[in-house]
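Engineer: Heads up: the sequence shown runs through residues 1462 to 1580, numbered per our numbering.
Idealized CB from N, CA, C, for every residue including glycine.
Mind having a look at this structure? Questions to follow.
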Amino acid sequence: MMKMNYFVLGTNNMQLAIQFYDKLFEGSKMNKMHSEGRMTLWAGDDFMFALAEPFDGEDATAGNGTMVGFNVDSASEVERLYNKALVIGGVDEGSPKIRSGKFSAYVRDLDKNKLCFFE
């Protein structure tokens, strides 16, 4: 069996990105586990999420068609994370509603990485 364990997004401003995700993850099960050098890592029950400055020294870019999905416990948690992301500088990519049978919402972070919150 294979399952996703972690996801890393690149950033061009580590300090601002850390502030964004620290605030976004407040009240969730994601806790900062490591913040040193070019990488910061948060971990939940069975998933890790990280930010990294690119190893090659080039600019980090948001992939066209790339998206990170966060499966959460409830529709209210989808709405909370979506609204929190907008308050802390994220950009709306799709307000909370049912899509393909799942309640979901979409935002972009400060580096234009696309995030999905879904129940």
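Three-state secondary structure (DSSP) at residue 1512?
Structural biologist: strand
Engineer: Suppose you measure from the CA of residue 1516 to the CA of residue 1497; what does that come to, to the nearest Å?
Structural biologist: Their Cα atoms are separated by approximately 14 Å.
Engineer: Residue 1532 bridges to which residues according to DSSP?
Structural biologist: 1579
Engineer: Taking residue 1471 as the reference, which of 1580, 1518, 1567 has the closest Cα?
Structural biologist: Checking every option, the nearest Cα to that of residue 1471 belongs to 1518.
Engineer: Check each candidate in 1493, 1533, 1576 and name the one with the smallest Cα separation from residue 1553.
Structural biologist: Closest option to residue 1553, Cα to Cα, is 1576.
Engineer: Cutting at 8 Å between CB atoms, please list the residues of its own chain near residue 1580, excluding the five before and the five after it.
Structural biologist: 1532, 1533, 1534, 1535, 1536, 1538, 1539, 1563, 1564, 1565
Engineer: If residue 1542 and residue 1477 are in contact, beta carbons under 8 Å, what's the gap, nearest whole angstrom?
Structural biologist: Residue 1542 to residue 1477, Cβ: 18 Å. No contact.
Engineer: List the whole-angstrom C-beta distance separating residue 1521 from residue 1570, where the pair is believed to meet the contact cut-off of C-beta under 8 Å.
Structural biologist: Contact doesn't hold; Cβ gap of about 11 Å is too wide.
Engineer: Cα-Cα, which of 1560, 1480, 1465 is closest to residue 1549?
Structural biologist: 1480
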